[in-house]
Amino acid sequence: MIVQNQIESKLADSFELLHLEVLNESGGHNVPPGSESHFKVVLVSPEFEDVRLLARHRRVNEVLATELAGSVHALAIHTYTDAEWRERFGETPMSPPCLGGKSGEKA
Amino acid sequence: MLALNRAQVKRSAVMSEEVVATINEQIANNHIILYMKGSPQAPQCGFSAQTVQCLIDCGEKFAYVDILSNPEIRATLPGIANWPTFPQLWVDGELVGGCDIITEMHESGELATLVKNNTATE
């Protein structure tokens, strides 16, 4: 879980995120059990508005450059704006994002 | 630390002018070129296989380079492309993207439009 946690925290620190998913898909590949070599990341961010896919992926690759140069062999990247995410997964809408209120405060 | 050192060594050792020239030539001389692991007939990686399938679905001919049998290209191209992974699809001298981008463009129909426009200008 070391690499997975590292990927998660780096992405969380680098993007304004509505949704983040980091999946270790190494189990489906020809690597020893417990490997952290193949990952899939899903990011939903308002920062992707009007940004081409190539540029979005470049940003993710840059944030994870150290991991990609090291033990991470494959990285599947899926990036969406809020609207794209809702359109794609309209059947199961995501939970609303935190708006910064503290617990105990009324919504 | 180990990871960084490995990448640095890789980059400096093989970024020869000759390899850079070869890559530039390949990209300039082929309207559609895919840098992949294995060949379209026998891809050696799931991401490469999926990208090839998207291209085949579009019905256009494309050139390819097997980076597994060309380690110097494998080591050099990411630096030129500003793109760390393979496969890489290049159309008209421009990087289009890797497997996830190609798949998404294929689903939306954008990929077919791109490669067909490209053939029309050939």
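If you read the protein sequences in the order shown, they are chains A and V. Convert by adding 968 to the 1-based position in the first sequence; the result is the number in the numbering used here. Convert by adding 4 to the 1-based position in the second sequence; the result is the number in the numbering used here. Glycine included, C-beta positions come from ideal geometry on N, C-alpha and C.
If the cut is a Cβ gap below 8 Å, which residues of chain A does residue i touch?
i	result
residue 101/V	1021, 1022 and 1025
Taking the alpha carbon of residue i as the reference point, which residue from the options has its own alpha carbon closest?
i	options	result
residue 37/V	51/V, 92/V, 57/V and 46/V	92/V
residue 116/V	84/V, 57/V and 83/V	57/V
residue 24/V	84/V, 118/V and 111/V	84/V
residue 1022/A	87/V, 112/V and 21/V	87/V
residue 75/V	119/V, 121/V, 39/V and 29/V	39/V
residue 1045/A	974/A, 989/A and 977/A	989/A
residue 973/A	995/A, 996/A and 1004/A	1004/A
residue 50/V	1020/A, 1000/A, 994/A and 1027/A	994/A
residue 975/A	1055/A, 1039/A and 1020/A	1039/A
residue 26/V	94/V, 114/V, 113/V and 81/V	81/V
Since I believe residue j is in contact with residue i (beta carbons under 8 Å), could you give me their beta-carbon distance rounded to a whole number of angstroms?
i	j	result
residue 986/A	residue 1012/A	4 Å
residue 101/V	residue 1041/A	Actually they are not in contact, since the Cβ atoms of residue 101/V and residue 1041/A sit about 19 Å apart, beyond 8 Å.
residue 1016/A	residue 992/A	Going by Cβ atoms, the distance from residue 1016/A to residue 992/A rounds to 24 Å, so no, they are not a contact pair.
residue 107/V	residue 54/V	6 Å
residue 69/V	residue 30/V	6 Å
Using the beta-carbon of each residue, which ones in chain A are nearer than 9 Å to residue i?
i	result
residue 108/V	1021 and 1046
What are the partner residues of residue i, as DSSP defines its beta bridges?
i	result
residue 1007/A	992/A and 1043/A
residue 110/V	For residue 110/V, which the question treats as bridged, DSSP gives no partner whatsoever.
residue 94/V	37/V and 99/V
residue 1000/A	The partner list for residue 1000/A (beta bridge, DSSP) is empty, contrary to what the question assumes.
residue 69/V	39/V
residue 987/A	1012/A
residue 82/V	Beta-bridge pairing links residue 82/V to no other residue.
List the residues of chain V that residue i touches, going by C-beta distances under 7 Å, in chain order.
i	result
residue 1043/A	89
Which bits of chain V does residue i rub up against, with CB to CB less than 8 Å?
i	result
residue 1036/A	88 and 89
I want to check one thing, is the minimum distance from the CB of residue i to the heavy atoms of the ligand SAM below 7 Å?
i	result
residue 972/A	The ligand SAM is not among the ligands present in this structure, which contains no ligands whatsoever.
If the cut-off is 8 Å on Cβ atoms, which residues from the region 1018–1034 of chain A count as contacting chain V, listed in chain order? Only 1021, 1022, 1025, 1026, 1029, 1033 and 1034 from the region 1018–1034 of chain A bring a Cβ to less than 8 Å from some Cβ of chain V.
Please name the residues in the region 80–104 of chain V whose beta-carbon is closer than 8 Å to at least one beta-carbon of chain A, in chain order. 86, 87, 88, 89, 99, 100, 101, 102, 103 and 104
So if I threshold CB-CB distances at 9 Å, which residues from the region 46–77 of chain V count as touching chain A? 49, 50 and 51
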